[in-house]
Structures are given as C-alpha cells and as structure tokens.
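The sequence shown begins at 441 in my numbering and counts up one residue at a time. All C-beta atoms, glycine included, are put in the ideal place defined by N, C-alpha and C. Beneath this line is the structure, given in structure tokens, with notes to follow.
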Amino acid sequence: MGRIPCILALVLTFAASTRSLAQNQPANSPRPNLVEVRFGDGSIVRMTLLEENLEVQTRYGKLTIPVNEIRRVEFGLHVPPEMNQQITQSIKRLGSDVYKERDSASKDLVQVGHFAFPSLRKASKSGDQEVRYRAVSVIKQISERVPAEVLRLNDYDLIQTTEFTVTGKVIPARLKARSPHFGEIALKLSELRTLSVKQQGGKQDLNVDAAKYGSALDQWCDTGVLVDAGQRVIITGDGQVDLWPQTPGQYMAAPKGYNTAGKGGQFLAGSLIAKVGENGKAFFVGERYDGTISGEGRLFLQIVPSPWNNASLGQFRVRIQTEPGTLGGR
C-alpha cells in the first residue's frame, strides 16, 4: 500500500475509534484533547494529546497555557537536542588546521540539513575566512536539497489561544500523545509543523436580548462557543421581539424576521443572524440553521436592528449545537 493510502486508512480507522471512545466515555469524565497534527512530510493525523498544559518560553518568561484554551500552534525550527552538540562541534571543525577534519565537518553539516541552517548563517559571517567559505558552501548544498519553506522556518513558535497569540518556544522537545494504533507516543517537535486543537462539540442555550444585541449594527452577542472550519453547527431560535415598542405589539418579529429590510439592508428586520470570528461574514440563522462552518473562531449572534433607528425590545431563546470538528477542516 502506498504512503497516501496508508495515511488515509490510519485517519479513517482513527476517526471510527474516536467516535466509539466518545460514546463509551462517562459523562462526568474530562474530555480528551483531540488534536490534528501536521508533520514535516505533509501527513496529517488526528490523535489525543495527553498534555494538560503547554510550557512556552517567551522573552518575558515562561508561560503555562492550558491545552483546552489553545486553538492552534505553528511550530518554528526545533533542533533535536541530540543534534545541538553535533552541530556546534561540526561548525568548530570547519576551521580546523587539518583538511580532512574540515571536509568531514562540511559533509556532516550537509547531512544534518536544515537543522544546521541558523548556525551556518552565523558561521557565514565568521572572521575566519575558511569557516566563512565552507559555511557558505554548505548553505548552498543544503538549499539545493531542502524545500525553501523549510529553510524559512521561524526560530519561534506561534501559539494561538482563544484570547490572543503568544510568540515563544514550546518546551520540552517532545509532547505525549496517544494513538489508537501505537498507544502512547512521544511527538518530537522537530518533526511537527502545526497542531490544531479540535473542538469537541456540545450544546448551549442562551437568550439574545434585542435591546442589547438588536439595536445597532455593531452590537453582537459573544456566545463563547468556539467552532472549527468544517464543523457542523445547528442553531435554533424562537420567541418574538418588538421592532417598534412605541406602539407595542404592532411590529413583532420572530427569528425569521419581519417583512421589511432591517438596518443595513442585507437581512430582514428582527431576523436572527450569526458570524464566526470578529471579522467574519454574517449569515442568516432564522428559526433554524444547520450547516458546515467555513471559518473558525467564536460564534456571535445578533438580532437585525429595526430600520427606524429605535431600540427593539424582547428576546430570542437560542440553542446552539456543535458536532466534533472534521478532519481536514483547515
């Protein structure tokens, strides 16, 4: 079986195993941190991350970030610990008085590949002419073998949380995870490109107040629900709001909206709409929305304001149901 079919078979089998585990899991047990991992070779696999927190070294000190508050990690260059000393010694040997030592060091660095790139760049500015010459030569050889995007990896990681993005270095060099096929495994950060924490799905009920979230175009209700791209979301709404409370009961709207356009003109007045993310595109919910989300982030709701520049009154009772994010949602 070829590499791609093998990966596909692994992913499909894991998806089935994940569903089975979710069904058999006690309701009061903590939810596992399901993650989607992209490796340096381009393969994508979903597994359970066994770490509860990620330690991140930043320029301002060490941060401890709960995994369930992380959305995505973009990994920069992580040199395997066992290679650090080898690279340092090989760089030093580039300036050896013995030709065979210099030549051997150059070959060793070419074999190490992109992991040696940062050290080689520094060596290419060395005051030692021989070191400088050989470093430039090795850089050229590695550049011919390694994809440009790998050579451009940052020397830091980007950790996107539910609130903000952290720039730093994830430590230690390995993360504990569980695969249904191999049991507990150690993920080497040097082999990872991205890690996305998948949303588990669930149900939430809330009331959307028209006076607060239905009287101006910039008033949105932050539901606190996080959704992934490719995740199925079901939103239902019921109730009534009064679009002209000055004469109560005359201009009442259900979640599907009144028979005239609301402020902004895109949706019917009084209709229930939603968006994903602060800058997401608004979409119609009405009495029921059942669809797959194309964006990712927090889910916001709004009642379309009255076209008559007045505050509306009343509220919609809303239920939000989310299913676990699908593989390949990104």
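Residue i bridges to which residues according to DSSP?
i: residue 647; result: 757
i: residue 636; result: 476 and 512
i: residue 611; result: 495
i: residue 723; result: 714
Since I believe residue j is in contact with residue i (beta carbons under 8 Å), could you give me their beta-carbon distance rounded to a whole number of angstroms?
i: residue 669; j: residue 564; result: Not confirmed; about 41 Å, so no contact.
i: residue 754; j: residue 680; result: 6 Å
i: residue 631; j: residue 479; result: 6 Å
i: residue 599; j: residue 513; result: 5 Å
i: residue 708; j: residue 698; result: 6 Å
i: residue 535; j: residue 570; result: 6 Å
i: residue 552; j: residue 527; result: 6 Å
i: residue 647; j: residue 757; result: 6 Å
i: residue 497; j: residue 608; result: 5 Å
i: residue 576; j: residue 554; result: The Cβ separation is near 16 Å, so there is no contact.
i: residue 726; j: residue 695; result: 5 Å
i: residue 715; j: residue 745; result: Going by Cβ atoms, the distance from residue 715 to residue 745 rounds to 15 Å, so no, they are not a contact pair.
i: residue 572; j: residue 546; result: So it is not a contact: roughly 13 Å between Cβ atoms.
Residues in the same chain with beta-carbon distance under 8 Å from residue i, minus the five sequence neighbours each way, listed in chain order, please.
i: residue 639; result: 666, 667, 668, 671, 762, 764 and 765
i: residue 601; result: 505, 509, 510 and 511
i: residue 501; result: none
i: residue 605; result: 598 and 599
i: residue 493; result: 504, 505, 506 and 507
i: residue 678; result: 694, 695, 727, 756 and 757
At what residues does the alpha helix (DSSP H) containing residue i begin and finish?
i: residue 584; result: 569 to 585
i: residue 542; result: 539 to 552
i: residue 588; result: 588 to 591
i: residue 562; result: 557 to 563
With residue i as the anchor, note down where its beta strand (DSSP E) starts and where it stops.
i: residue 624; result: 623 to 628
i: residue 598; result: 597 to 601
i: residue 617; result: 614 to 619
i: residue 743; result: 737 to 743
i: residue 731; result: 728 to 732
Leaving out five residues on either side along the sequence, give the residues of the same chain with a beta carbon under 6 Å from the beta carbon of residue i.
i: residue 461; result: Note that residue 461 scores a pLDDT of 38, beneath 50, so its modelled location is shaky; the value from the coordinates is reported in the next line. Once the five neighbours on either side are set aside, residue 461 has no close Cβ partner at all.
i: residue 751; result: 651 and 655
i: residue 635; result: 475, 477 and 513
i: residue 465; result: Bear in mind that the predicted position of residue 465 carries a pLDDT of just 45, short of 50, making it unreliable; the figure below should be weighed with that in mind. No residues qualify anywhere along the chain.
i: residue 583; result: none
i: residue 463; result: Because residue 463 carries a pLDDT of 43, less than 50, the predicted location of this residue cannot be relied on, and no value is offered for it.
i: residue 759; result: 645 and 676
i: residue 568; result: 535
i: residue 613; result: 521 and 629
i: residue 538; result: none
i: residue 769; result: Since pLDDT at residue 769 reaches only 38, below the 50 mark, its modelled position is unreliable, and no value is offered.
i: residue 541; result: 533
i: residue 717; result: 735 and 737
i: residue 728; result: 676
i: residue 559; result: 527 and 531
With a CB to CB cut of under 7 Å and the five nearest residues on each side skipped, what residues in its chain are close to residue i?
i: residue 543; result: none
i: residue 724; result: 707, 711 and 713
i: residue 593; result: 516 and 517
i: residue 616; result: 490, 491, 624 and 626
i: residue 661; result: 648, 653, 740, 741 and 742
i: residue 556; result: 527 and 549
i: residue 730; result: 674
i: residue 747; result: 700, 701, 702, 703 and 709
i: residue 473; result: 488, 489, 507, 508 and 637
i: residue 642; result: 762
i: residue 499; result: none
i: residue 467; result: Here the model assigns residue 467 a pLDDT of 46, short of 50, so the residue's position is not dependable and the matter cannot be decided.
Taking 9 Å as the CB-CB cut-off, is residue i touching chain C?
i: residue 516; result: The structure shown contains no chain C; it is built from a single protein chain.
message: Quick check on the DSSP output: what are the complete alpha helix (DSSP H) runs of length 4 or more inside the segment 478 to 536, in order along the chain?
response: Secondary structure within the segment 478 to 536: the alpha helix (DSSP H) runs of 4 or more consecutive residues, fully enclosed, are 521 to 533 (chain order).
query: Where in the segment 643 to 721 do unbroken runs of the alpha helix (DSSP H), each at least 4 residues long, occur, reported from the N-terminal end onward?
result: You should have 650 to 653.
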